[in-house]
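J.:
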């Protein structure tokens, strides 16, 4: 998604390249297969087992990606502003799956916890920087205005 977005930003006049379309369909097929196999293996427990929220989340993302691909096939990209906007929103929602993968990495979870716990200190440091910036700006304005008044 990131590479495709970057390419479209650099080359806005070109239509979407076929390699991106094929890659999207391959990922969609893989994710549908994964969801179908998990539903087949777990059956009714899929929605009641430990971690059921992640299962629903994954199923929701597969449905979103499928909807996106259907919208791409059924709409004309340049003519309908609402469908283009909807496609962009759906594409952003698909990137949420990365957060699930990153949630299993202990170092990432530790980093997020550290950032959240240090947020109060960050805000005070930001307030101090803003105060220093205000003091320096006031001092410089006073110097410049006194210089203008004295005619230098």
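Numbering (the numbering used here), first residue to last: 198 to 349. Glycine residues also receive a C-beta, built at the ideal position from the N, C-alpha and C atoms.
(1) Excluding sequence positions up to five away, which residues of its chain have a Cβ less than 6 Å from the Cβ of residue 240?
(2) Using 7 Å as the threshold, is the C-beta distance between residue 357 and residue 284 below it?
(3) For residue 203, does the count of other Cβ atoms within 10 angstroms reach 16, so buried, or fall short, so exposed?
(4) Specify whether the region 252-266 and the region 223-237 touch according to this definition: at least 3 beta carbon pairs, one from each stretch, less than 8 Å apart.
(5) Taking the alpha carbon of residue 197 as the point to measure from, which residue in 324, 263 and 332 has its own alpha carbon closest?
(6) Taking residue 208 as part of the alpha helix (DSSP H), name the residues at either end of that continuous run.
(7) What's the call for residue 231, buried or exposed, on a 16-neighbour Cβ count within 10 Å?
(8) Are residue 287 and residue 265 touching if we call contact CB-CB under 7 Å?
T.: Well, looking at it:
(1) Translated into the one-based positions of the chain shown, residue 240 becomes position 43. The beta carbon of residue 240 is closer than 6 Å to none in its chain, skipping five residues each way along the sequence.
(2) Outside the displayed range of the chain (198 to 349) lies residue 357, so it cannot be described from this structure.
(3) By 1-based counting over the chain shown, the position of residue 203 is 6. So residue 203 ends up on the exposed side.
(4) These segments touch.
(5) The first residue shown for the chain is 198 and the last is 349, placing residue 197 beyond what the model contains.
(6) For this step, residue 208 is matched to residue 11 along the chain shown. Premise fails: residue 208 is in no alpha helix (DSSP H) and is neither H nor E.
(7) Taking the chain shown and counting its residues from 1, one reaches residue 231 at position 34. Result: exposed.
(8) Walking along the chain shown from the start, residue 287 turns up at place 90. Walking along the chain shown from the start, residue 265 turns up at place 68. Going by C-beta atoms, residue 287 is nearer than 7 Å to residue 265.
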